[in-house]
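Participant:
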Amino acid sequence: MANKMKAAQISKAGGDWELVERDVPEPGVGQVRVKVEACGICHSDVVVKDGIWPGLQYPRVPGHEVGGRIDAIGDNVAAWQQGQRVGVGWHGGHDFTCEQCRRGDFAMCSNRKVTGVDFDGGYQEYMIAPASAVAAIPGDLPAEEAGPFMCAGVTVFNALRNSGARAGDVVAVHGVGGLGHLGVQYARRMGFNTVAINRGKDKEELARQLGAHHYIDANATDVVSELQKLGGASVILATAPSAPAISGLVDGLAASGKLLVPAVPLEPLSISVFPLMAKRSSVVGWYSGTAKDSQDTMEFSALSGVHPMIEKYPFDQVAVAYEQMHRGRARFRVVLTFD
Ligand SMILES: [Zn+2]
Ligand SMILES: [Zn+2]
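One rule links them: number in my numbering = place in the sequence shown (from 1) + 27.
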């Protein structure tokens, strides 16, 4: 094989995309090398582009929605084989030794790494990943669909399946976008009475096609009273990063309901505590999941027919593709593809 490859890097905060040639990296102990076939562009890649991650070191190759194939294996890797199809996601590995890891809660590792932030990610032809951070891609799931499942997919799938909601409960997904269009599909297929909430009528038909039983137009109607007509939501998955809109959802919860927030709005939330107290409801964050959670996400998706809606761009169009994501024009996930 060639010993040089193409990579897209950022070399300073706010810097432009640079297409560079690098040596193909060799996997160290406990690592694998992945030949990247597709890599999703996630809104979180902004932390590398704009330099808003503490301790970030440049140059950095972003990308944590990777679908590809293992093409080399370092020492002390037992579980993976050359040629195996794998994904690499946001969770970039854990130390196995901190208090959380000793309890088996690897996603909460005090020294966890983030792919494409703490080490170079998937905007390149080959990447190195810790063996603990790769997930097996099931069956013939295409690499360009596997990629978005490794961050957007696992985030909403894992949030919903751990939410405590039970079959038949009202579960609302706020925002039909990059996360939300997957959230609606998962909520429906997990057996929830599924509500999609978005501004305007534009996305109503799509939301219903994705599986929503109900659609609430947040421009035309009062979201809270519409949710209360359904008995209140056991869970509201808030995927639209608007602090005022999210804050206003609390009153739409049922007793003991949860407002689940897996995406970060720029502004702090402003929430009255009385309705939380009176209904024993809560506002909780959700943080991604491990590689095994991502594998579960892909397996559930393949089993139940969940698909990300993607726009594909060849790798050397990274600057155009990133802008498409950044300006919110994509429907709904942008994916770089490699020859
Ligand atoms: Zn992401
Ligand atoms: Zn740990």
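All C-beta atoms in this analysis are idealised placements derived from N, C-alpha and C, irrespective of residue type, glycine included.
(1) Would residue 47 pass as a contact of residue 98 if the rule is Cβ separation under 9 Å?
(2) How far does the alpha helix (DSSP H) with residue 320 in it extend, from its first residue to its last?
(3) The alpha helix (DSSP H) with residue 350 in it runs from where to where?
(4) Within the chosen definition, does the stretch 224 to 231 reach the stretch 349 to 362 through at least 3 CB pairs nearer than 8 Å?
(5) Under 9 Å, do residue 271 and residue 308 count as touching if we go by C-beta distance?
(6) Taking the alpha-carbon positions, what's the residue 101 to residue 278 distance?
(7) I need the DSSP call for residue 24, collapsed to helix, strand or coil.
(8) Ignore the nearest five residues each way along the sequence and tell me which others in residue 145's own chain have a CB closer than 7 Å to its CB.
(9) Taking a contact to mean a Cβ-Cβ separation below 9 Å, would you say residue 290 touches residue 206 in this structure?
(10) Rounded to the nearest angstrom, how far is the Cβ of residue 192 from that of residue 262, given a contact under 8 Å?
(11) Figure out for me which residue from 366, 338, 350 has the closest Cα to the Cα of residue 172.
(12) Would residue 341 and residue 359 be called neighbours here (beta carbons separated by less than 9 Å)?
(13) Here's the rule I'm using: 16 or more other beta-carbon atoms within 10 Å means buried, otherwise exposed. How should residue 30 be labelled?
(14) Could you tell me the alpha carbon to alpha carbon distance between residue 109 and residue 53, rounded to whole angstroms?
(15) Out of 324, 150, 179, which one is the CA nearest neighbour of residue 168?
(16) At a cut-off of 8 Å, would you count residue 124 as near ligand 2, judging by its Cβ distance to the nearest heavy atom?
(17) Taking the runs of the beta strand (DSSP E) that are 3 residues or longer, which of them lie wholly in the stretch 211 to 238?
(18) Quick check on DSSP: helix, strand or coil for residue 308?
(19) Taking 6 Å as the limit, name every residue whose beta carbon sits nearer than that to some heavy atom of ligand 1, in sequence order.
(20) Below 9 Å between beta carbons: does that hold for residue 170 and residue 142?
(21) Using three-state DSSP, classify residue 278 as helix, strand or coil.
(22) Between residue 344 and ligand 2, is the CB less than 8 Å from at least one heavy atom?
(23) Is any heavy atom of ligand 2 found at a distance shorter than 8 Å from the C-beta of residue 66?
(24) Can you name the start and end residues of the alpha helix (DSSP H) that residue 33 belongs to?
(25) Any heavy atom of ligand 2 within a distance shorter than 8 Å of the CB on residue 127?
(26) Exposed or buried, residue 318, counting other C-beta atoms within 10 Å across all chains shown (16 or more means buried)?
Facilitator: On the basis of the data shown:
(1) Taking a C-beta distance under 9 Å as the contact criterion, residue 47 and residue 98 do not qualify as a contact pair.
(2) That run of the alpha helix (DSSP H) goes 318 to 331.
(3) For residue 350, the enclosing alpha helix (DSSP H) stretches over residues 345 to 353.
(4) With the cut-off at 8 Å, the stretch 224 to 231 and the stretch 349 to 362 do not touch.
(5) Between residue 271 and residue 308, the CB-CB gap reaches or exceeds 9 Å.
(6) Distance between the alpha carbons of residue 101 and residue 278 is about 52 Å.
(7) The structure shown has nothing for residue 24, since the chain only spans 28 to 366.
(8) Answer for residue 145: 119, listed in chain order.
(9) Note that the C-beta distance between residue 290 and residue 206 is below 9 Å.
(10) 5 Å between Cβ atoms; contact.
(11) With distances taken between CA atoms, residue 172 lies nearest to 338 out of 366, 338, 350.
(12) No. Outside cutoff.
(13) In the assembly as shown, residue 30 is an exposed residue. Its beta-carbon has fewer than 16 other beta-carbons within 10 Å.
(14) About 14 Å.
(15) Closest option to residue 168, Cα to Cα, is 324.
(16) Judged by the Cβ position, residue 124 qualifies as a neighbour of ligand 2 at the 8 Å threshold, a heavy atom of the ligand being closer than this.
(17) Here the runs fully enclosed are 220 to 225.
(18) Three-state result, residue 308: coil.
(19) Every residue passing the under-6 Å Cβ criterion appears here: 69, 71, 91, 117, 178.
(20) No, the pair does not count as a contact, with Cβ atoms beyond the cut-off.
(21) Looking at residue 278 - three-state DSSP - the assignment turns out to be helix.
(22) Answer for residue 344: no, Cβ out of range of ligand 2.
(23) Incorrect: residue 66 has no Cβ contact closer than 8 Å to ligand 2.
(24) Taken as a continuous stretch (DSSP letters only), residue 33 belongs to no alpha helix (DSSP H), being part of the beta strand (DSSP E) at 31 to 36.
(25) Checking every heavy atom of ligand 2 against the Cβ of residue 127, one is found closer than 8 Å.
(26) By the 16-neighbour rule on beta-carbons within 10 angstroms, residue 318 is buried.
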